[in-house]
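J.:
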Amino acid sequence: MVLPQDFKDKMQNLLKDEFDEFLKGYNKDNFYSLRINTLKADIGQVLDKKLFSFTPVEWCPTGFYYPGDERPGRHSYHHAGVFYIQEASAMAVVECADIHRGDKVLDLCAAPGGKSTQIATKLDGTGLQISNEIVPNRAKILSQNIERMGIKNAIVTNESPEKLEKVFPDFFDRIIVDAPCSGEGMFRKDPAVVNEWSPGQVEVCANRQSHILESAHKMLAENGVIVYSTCTFSPEENEMAVQKFIDNHPEYVLIKPEIHRYFSAGVPQWADSNNSDLTFTMRLFPHKIDGEGHFIAVLKKTAGSVSRVKTGKNTADKKLLQPYFDFEKKFLKNISFDNFTLFGENLYAMPQDTPDLSKVKVLRCGLHLGEIKKGRFEPSHSLAMALSKDNVKQYISYPCDSEQMLQYLKGEALQTEENFKGWCLVCTDGYSVGWTKVTDGTVKNHYPKGLRIMMG
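In structure tokens form, the structure reads like this:
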């Protein structure tokens, strides 16, 4: 790999005697990793199946490495949302946030969804999660990943941080800022990023990160926490950005996370600072860990104002919802939804205490239950992914490596000897994958066309 000379000169000046080892890190093999989704699966049960050659990621209890010649992304468990393919270093960010059940959490720069889906496992179906992405196409990918992982309490928005700060003043308990950056930490994994790098881009990114942090500050409640992260080595975007933020907001203190011991401490001198607390920040160097380059800082807000955000109103007319209630009574059990809202024909169950979203562009307002058309209800794929086999009165479960499971994922016709009628949940080893519908002995495959696999 040919690295920009300006980049090499800069890193040599920073790392001194360590620079040669840093360069050798670019010759290491790539690392492959995933997280098991505890919203849908028990870690021990997945590991007991020995489907892949997993080894643990030290800093993430749900994270595991796997060999590059294995392909979990093609496995039926991936379709079922049992795991999410995620780079190991990126898993460290949410582990630093100390998220509790019931928290209100914002993932400000959320696409493609790795950190958002990890946040959801920490909330475990409680509290409120808003996952935002400013780029429309990336926001759609984010929404799809939220759906696949069976997340019920996430709202996906497509807004700028500046727009959100006006809607959610002093509101969130935790904010994840995985800021757009110059990408130096991704050079080894994605050589194409090298061609986009320049000293000027570093300056542009640092300026943009400063504005994003300002917006996060305005949305954070007192005693709340911002976890700021980048995938770059640049001090301008890391230690300097954090020190500048603290200089402007002395009510913030840096926190030293428990997982700090796995990584390298931030360097105050690289920010021309005497603030020893900058050593509480973390640098993840590829030549020192099994992962890509990252920087993480945890900032706690020790003073703030009382939130002025009001809860939004439930606007759904219950009379219009009768087709859904009929569906719920006939096909579901051990679960019920409320706090309904209708967007045209689309019915959503919003998280409790959802704020007024009328001034925000929303792609997904909680759990999409389905569509109400002409007096009938058709359940969504999102609902299927959020259910377990214990939540339905009819389900079919195929082994993960069976021909029937492959046929279902291809969208092919199915057969069942069960005396079912109407909507039936399809599972693999008990994990929900989608719907089928049985009518007069005919089993119709309702796996979404856009998700179907094209090869065996």
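If you want the working numbering, it's the position in the sequence shown, counting the first as 1, plus 11. Where is the CB? At the ideal position from N, CA and C, for every residue including glycine.
(1) When the Cα atoms are used, what is the spatial distance from Val13 to Trp208?
(2) In the segment 141 to 205, which residue ranges form an unbroken alpha helix (DSSP H) of at least 4 residues, counting only runs that do not cross its ends?
(3) Give me the Cα-Cα distance between Phe18 and Cys192, rounded to the nearest whole angstrom.
(4) Under the three-state reduction of DSSP, which class applies to Lys311: helix, strand or coil?
(5) Since Trp434 sits in a beta bridge, which residues does DSSP pair it with?
(6) Name the residue from His260, Leu295 and Asn249 whose alpha carbon lies nearest to the alpha carbon of Asp283.
(7) Got a sec? Which residues, its chain only, sit under 8 angstroms from Val93 by beta carbon, not counting five neighbours each side?
(8) Do Cys107 and Val238 count as a contact pair if the criterion is CB distance below 8 angstroms?
(9) What residue range does the alpha helix (DSSP H) around Asn24 cover?
(10) Mind checking Ile346: buried by the 16 CB within 10 Å criterion, or exposed?
(11) Between the segment 450 to 461 and the segment 414 to 429, do at least 3 Cβ pairs fall closer than 8 angstroms?
(12) DSSP three-state label for Cys216, please.
(13) Name, in chain order, the residues that DSSP records as bridge partners for Lys2.
(14) Per DSSP, what kind of secondary structure is Glu233 in: helix, strand or coil?
(15) By how many angstroms is the C-alpha of Leu374 removed from the C-alpha of Val167?
(16) Using the three-state DSSP reduction, which class does Glu382 fall into: helix, strand or coil?
(17) Contact defined as beta carbons within less than 8 angstroms: I believe Ala314 pairs with Glu233. What is the distance between those atoms, to the nearest angstrom?
(18) Would you mind reading off the limits of the beta strand (DSSP E) that contains Asn357?
(19) Can you tell which of Asn169, Thr292, Ser245 and Arg319 has its C-alpha closest to the C-alpha of Met22?
(20) Taking a contact to mean a Cβ-Cβ separation below 8 angstroms, would you say Ser87 touches Met416 in this structure?
(21) In whole angstroms, what is the alpha-carbon distance linking Thr66 and Ile270?
(22) Since Phe351 sits in a beta bridge, which residues does DSSP pair it with?
(23) Can you tell me which of the three DSSP states Pro67 falls into?
(24) I need the DSSP call for Gly211, collapsed to helix, strand or coil.
(25) Taking 8 angstroms as the cut-off, does the segment 345 to 365 touch the segment 405 to 416 (at least 3 CB pairs, one atom from each stretch)?
(26) Using only CA atoms, which one of Phe75, Arg294, Arg185 and Asn259 lies nearest to Ser221?
(27) According to DSSP, what are the bridge partners of Tyr239?
(28) Assign Glu429 to one of two classes, buried (16 or more other C-beta atoms within 10 Å of its C-beta) or exposed (fewer than that).
(29) What is the rounded straight-line gap between the Cα of Phe351 and the Cα of Tyr359?
T.: Taking the definition as stated:
(1) 12 angstroms
(2) 147 to 159 and 172 to 178
(3) 15 angstroms
(4) strand
(5) Lys448
(6) Asn249
(7) Ile47, Asn48, Lys51, Ala52, Val57 and Tyr442
(8) yes
(9) Gln16 to Leu26
(10) exposed
(11) yes
(12) helix
(13) Here the chain has residues from 12 to 467 only, and residue 2 is not among them.
(14) strand
(15) 5 angstroms
(16) strand
(17) 6 angstroms
(18) Asn357 to Ala360
(19) Ser245
(20) yes
(21) 18 angstroms
(22) Ala360
(23) strand
(24) helix
(25) no
(26) Asn259
(27) Val188 and Ala308
(28) exposed
(29) 6 angstroms
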